[in-house]
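Notes follow the structure.
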Amino acid sequence: MREYSRPVTVEISPDEHLTDTVFTRAAQEPTAVMLRRQEAGQWHNVTCREFGDSVSAVAKALLAAGVDHGDRIGLISRTRYEWTLIDYAIWTVGGVTVPIYETSSAEQIHWILQDSGASAVFVEGAEHEARVREITTELPDLKNIWRIEDGGLTEFTRSGAEVEDTAVEQRRTAGTVDDLATLIYTSGTTGRPKGCELTHRNLLFTIRNIIQGPLEEVFSLPGRSTLLFLPLAHSFARIIQVGCVESNTVLGHFPSTGPELIDALGVYQPTFLLAVPRVFEKVFTKAQQKATAEGRGKIFNAAAETAIAYSRSLDTGGPGLTLRLKHAVFARLVYGKILAAVGGRASYAVSGGSALGERLGHFFRGVGLAILEGYGLTETSAPTAVNSPDRVKIGTVGPPFPGVSIRIDDDGEILIKGDHVMRGYWNNARATEEAFDQDHWYHSGDLGSLDDDGYLSITGRKKEIIVTAGGKNVSPSILEDRLRGHALVSQCMVVGDNRNFISALITLDPEALEFWKNQRGKTGGIAELTDDPDLIAAVQEAVDNANKAVSRAESVRRFTILATDFTEEGGQLTASLKVKRHVVAEQFAQEIEDLYHA
């Protein structure tokens, strides 16, 4: 058993609230810019006073609607300015925000609204409203549905015009720091999603010890700003929202991670990014494909290898003269264009959700965008550990942030303790009891190791360990993370429980496949190409690369290319893009059987 702790940097007092900073800044620096809001394709500044007044106005409407302290209020919307506005308004009246992914089905929405006992729900538009109204007869606690779009939020806000400012302030300050702030439901990879009870203390403790700890440099850059494009229903994006408010970082919102995001980044020009590894993989792949299509593939590949070598040298005494000269040349020819694609001002990015991979981490640091990997769960208010700019260990998720303790149990499981850990699962005493031991360590279900400096490395998921017929324990995440790093691969799932060897189901990225086809003069869709020898050989390269990370007994011996991708709509992925292993195993049972009877 190994353990590492960091002393707390910032203590949270009993009378603090998440809304304090909003109202304090509105009073003390009313003309300072707090957010930027996109309207009709243009970015407009939102001052501290404007945001504070808007939060107060929506809070008044909530009071007029009869929202009581502790009431749960659902919120279904894409990432947008109004999401943050409503979130802070709910907190202002002592309510509890219950975020729901905007892609959720009526059945998923029903479960979360029913389980949380939500008395009202904000929906983005007509489509979301229709999904909720489809199930209202089964939700006796749900009294109101308020729409954001089509003037809905404006109309709702008017309903609170007669409420006094004093009523808002009395309600806002009535609670304590240990009041419930939000119920964030887990992704439900192994069953029904569970509501994680996160308090004002949880979120304030987390972000203040982060922004005055490992990410102080990121959150104190001159003119600092970020563009939030990950779903705010995810705890990772949510804690960054709070961090921007607490650190005076200008916050913008964008509702998509599609191709139009690059244009938005170019205009907004954030000083740091928040993303999951898949976003960085796509940035790299698209840059590589563009260079290849323009006949500069060899130059790009040489630049990539130089960036990786340059980054690695930073950990081993620094680059020599030859490497520095090569790096300077490619900085002008290649690296500047990659940085320009994300706005040209970003020097840091924070990554979480899954493993980035050492090669990609070194590439981006070598280019000039240091990606700070972190680790956490919904149950820990998002982060538990994170790398800091001054001491990055690529391939790890960093040490615990101040005030947090991490212990590696005898079986390799990561145990966590700190004021960032949820108080429990909503309406689920049994799950709460199972999650904590008698010393109140939270059992994460993840497997990892700590080095001598307290840096954490994630090695797998306890419940996903595959045991082969020969008794070999295999962590699929190591192989899957490496496989997903290949340009052609979209998703994959490693199988082999009670089998003689390890195999994999692999899906292809449609954009990458189109590029691959064009380069080789191939035609046809994925279904027509799954048996193509050249495509199989290309995927075999990805498999061979992944196998380098494990022993022969753990390596993928066979794979099959599926004709369809894993999607949320198909039921194979959660809203946070985690693979539902049991669903995939059931839907592709025949394909799995075929791998072992070929």
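According to full-length UniProt numbering, the sequence shown is numbered sequentially starting from 1. In this text, a Cβ means the ideal position worked out from N, Cα and C, and glycines have one as well. Treat the numbers as computed from the prediction; the structure is a model and nothing was measured.
- prompt: Which residues share a DSSP beta bridge with glutamate 39?
  reply: Sequence index remark: in the sequence shown, residue 39 carries index 39 (1-based). In the DSSP output, where bridge partners are listed per residue, glutamate 39 has Gln42.
message: Using a Cβ-Cβ cutoff of less than 7 Å, which residues in the same chain neighbour valine 579 once the five nearest sequence positions on both sides are dropped?
response: If you number the sequence shown from 1, residue 579 lands on position 579. Taking C-beta separations shorter than 7 Å and ignoring five residues to either side along the sequence, the partners of valine 579 in its chain run Gln491, Met493, Phe566, Gln572, Leu573, following chain order.
message: If I measure Cβ to Cβ from threonine 432 and keep anything under 6 Å in the same chain, skipping five residues before and after, which residues do I get?
response: Locating residue 432 in the sequence shown gives position 432, where the first residue counts as 1. Gly424, Tyr425, listed in sequence order.
query: What is the DSSP secondary structure of residue 668, counted as helix, strand or coil?
result: Only positions 1 to 598 of the chain appear in this structure, which leaves residue 668 out of reach.
- request: Please confirm whether leucine 535 and isoleucine 561 have their CB atoms less than 8 Å apart.
  value: Counting from one through the sequence shown, the residue named residue 535 turns up at place 535. Counting from one through the sequence shown, the residue named residue 561 turns up at place 561. Yes, the Cβ-Cβ distance between leucine 535 and isoleucine 561 is below 8 Å.
Valine 334, buried or exposed, once every other Cβ within 10 Å from all chains shown has been counted against 16: Residue numbering aside, residue 334 sits at position 334 when the sequence shown is read from its first letter. Per the 10 Å Cβ criterion, buried.
- request: Kindly give me the distance between the Cβ atoms of phenylalanine 23 and leucine 35, rounded to whole angstroms, as I take these residues to be in contact under 8 Å.
  value: As a first step, residue 23 is located in the sequence shown; it is residue number 23 there, counting from the start. As a first step, residue 35 is located in the sequence shown; it is residue number 35 there, counting from the start. Your pair phenylalanine 23 and leucine 35 does not check out as a contact, with CB atoms roughly 15 Å apart and the cut at 8 Å.
Beta-carbon gap between leucine 183 and serine 116 smaller than 8 Å: As a first step, residue 183 is located in the sequence shown; it is residue number 183 there, counting from the start. As a first step, residue 116 is located in the sequence shown; it is residue number 116 there, counting from the start. It is a contact, given that the beta carbons lie within the stated cut-off.
message: Is it buried or exposed, serine 256, if we count other Cβ atoms within 10 angstroms and call 16 or more buried?
response: Indexing the sequence shown from 1 puts residue 256 at position 256. It counts as exposed.
query: Is histidine 420 buried or exposed, if buried means 16 or more other CB atoms sit within 10 Å of its CB?
result: Indexing the sequence shown from 1 puts residue 420 at position 420. It counts as buried.
query: Name the DSSP beta bridge partners of glycine 117, please?
result: Sequence index remark: in the sequence shown, residue 117 carries index 117 (1-based). Glycine 117 pairs with nothing; no bridge assigned.
message: My assumption, with CB atoms under 8 Å, is that leucine 415 sits in contact with histidine 443. Please give the rounded CB distance.
response: Here the question's residue 415 lines up with position 415 in the sequence shown. Here the question's residue 443 lines up with position 443 in the sequence shown. Their Cβ separation, rounded to whole angstroms, is 6 Å, which keeps leucine 415 and histidine 443 in contact under 8 Å.
task: Could you check the C-alpha separation between leucine 479 and glycine 152 for me, to the nearest Å?
output: Translated into positions along the sequence shown, residue 479 becomes position 479. Translated into positions along the sequence shown, residue 152 becomes position 152. Approximately 47 Å, taken between the alpha carbons.
message: Quick check for students: name the residue ranges of the alpha helix (DSSP H) that lie wholly in the stretch 29 to 103, counting only runs of 4 or more.
response: The alpha helix (DSSP H) runs of length 4 or more contained entirely in the stretch 29 to 103 are, from start to end of the chain, 48 to 64, 81 to 92.
query: Which value, in whole angstroms, describes the spacing of the CA atoms of valine 8 and threonine 468?
result: Against the sequence shown, residue 8 aligns to sequence position 8. Against the sequence shown, residue 468 aligns to sequence position 468. Near 43 Å, if we compare the C-alpha coordinates of threonine 468 and valine 8.
task: Report the partner residues of threonine 417 according to the DSSP bridge assignment.
output: To locate residue 417, count along the sequence shown from 1; it is residue 417. The sequence shown places lysine at residue 417, not threonine. For lysine 417, which the question treats as bridged, DSSP gives the partners Ser405.
Where proline 533 falls, given that 16 or more other Cβ within 10 Å makes a residue buried: On the sequence shown, position 533 is the one that residue 533 refers to. Flag for proline 533 reads exposed.
query: Does the beta-carbon distance from glycine 252 to tryptophan 91 come in below 8 Å?
result: Mapped onto the sequence shown, residue 252 falls at position 252. Mapped onto the sequence shown, residue 91 falls at position 91. Tryptophan 91 is positioned such that its CB atom lies no closer than 8 Å to that of glycine 252.
message: From the DSSP secondary-structure annotation, give me the bridge partner or partners of valine 386.
response: Taking the first residue of the sequence shown as 1, we reach residue 386 at position 386. Valine 386 is bridged to Gly374.
- request: My understanding is that histidine 69 touches arginine 172, with C-beta atoms under 8 Å, so please give their C-beta distance in whole angstroms.
  value: Position 69 of the sequence shown holds residue 69. Position 172 of the sequence shown holds residue 172. In this structure histidine 69 is not in contact with arginine 172, their Cβ atoms being roughly 10 Å apart against a cut-off of 8 Å.
message: Residues in the same chain with beta-carbon distance under 8 Å from arginine 158, minus the five sequence neighbours each way, listed in chain order, please.
response: By 1-based counting over the sequence shown, the position of residue 158 is 158. Spatial neighbours of arginine 158 in its own chain (CB-CB distance under 8 Å, excluding positions within 5 residues in sequence) are listed in chain order as Ala61.
- prompt: Which word fits methionine 1, buried or exposed, when buried means at least 16 other C-beta atoms lie within 10 angstroms of its C-beta?
  reply: Residue mapping note: residue 1 aligns to position 1 of the sequence shown, counting from 1. By the neighbour-count rule (16 or more Cβ atoms within 10 Å), methionine 1 is not buried but exposed.
- request: Report yes or no: do three or more beta-carbon pairs, one from the stretch 138 to 146 and one from the stretch 162 to 176, lie closer than 8 Å?
  value: For the pair of segments examined, the stretch 138 to 146 was found not to touch the stretch 162 to 176: the number of CB pairs separated by less than 8 Å stays below three.
message: Using a Cβ distance threshold of 8 Å, determine whether the stretch 445 to 460 contacts the stretch 508 to 520, with at least three qualifying pairs required.
response: Segments in contact, no.
query: When burial is assigned at 16 or more other CB atoms within 10 Å of the CB, is glutamine 289 buried or exposed?
result: Numbered from its first residue, the sequence shown carries residue 289 at position 289. Residue environment: glutamine 289 is assigned as buried (16 or more neighbouring CB atoms within 10 Å of its CB, all protein chains considered).
query: From which residue to which residue does the beta strand (DSSP E) around residue 599 run?
result: Coverage of the chain is limited to positions 1 through 598, which leaves residue 599 absent and any answer about it impossible.
query: Does proline 99 come within less than 8 Å of chain B when only Cβ atoms are used?
result: Among the protein chains of the structure shown there is no chain B, as only one such chain exists.
message: Runs of 4 residues minimum, wholly inside the stretch 520 to 594: which ones carry the alpha helix (DSSP H) assignment?
response: Entirely contained in the stretch 520 to 594, the alpha helix (DSSP H) runs reaching 4 residues are, in chain order, 526 to 529, 533 to 547, 581 to 587.
field: N-terminal and C-terminal residue of the beta strand (DSSP E) that isoleucine 502 is part of
entry: As a working note, residue 502 is residue 502 in the sequence shown. Segment 502 to 508, the beta strand (DSSP E) holding isoleucine 502.
query: What's the C-alpha gap between asparagine 248 and alanine 27?
result: Here the question's residue 248 lines up with position 248 in the sequence shown. Here the question's residue 27 lines up with position 27 in the sequence shown. Between asparagine 248 and alanine 27, the C-alpha separation is close to 14 Å.
Beta strand (DSSP E) runs wholly inside the stretch 319 to 366, at least 3 long, in chain order: Listed in chain order, the complete beta strand (DSSP E) runs (minimum 3 residues) inside the stretch 319 to 366 are 348 to 351.
- request: Assign glutamine 438 to one of three DSSP states: helix, strand, or coil.
  value: Locating residue 438 in the sequence shown gives position 438, counting from the first residue. Glutamine 438 falls in the coil class under three-state DSSP.
- prompt: Mapping DSSP to helix, strand and coil, what is alanine 487?
  reply: For this step, residue 487 is matched to residue 487 along the sequence shown. In the structure shown, alanine 487 falls within a coil segment according to DSSP collapsed to helix, strand and coil.
message: Quick check on this structure: which residue in Ser555, Ala331, Glu260, Pro222 has the alpha carbon closest to the alpha carbon of valine 250?
response: What you label residue 250 is simply residue 250 of the sequence shown in a count that begins at 1. The residue with the shortest Cα to Cα distance from valine 250 is Pro222.
query: Is aspartate 497 helix, strand or coil when you go by DSSP?
result: Start at 1 with the first residue of the sequence shown, and residue 497 comes out as number 497. In this structure, DSSP gives aspartate 497 a state outside helix and strand, which the three-state scheme calls coil.
query: Counting along the chain, where does the alpha helix (DSSP H) carrying threonine 166 start and finish?
result: In the sequence shown, counting from the first residue as 1, residue 166 sits at position 166. Counted as a single uninterrupted DSSP element, the alpha helix (DSSP H) harbouring threonine 166 occupies residues 165 to 172.
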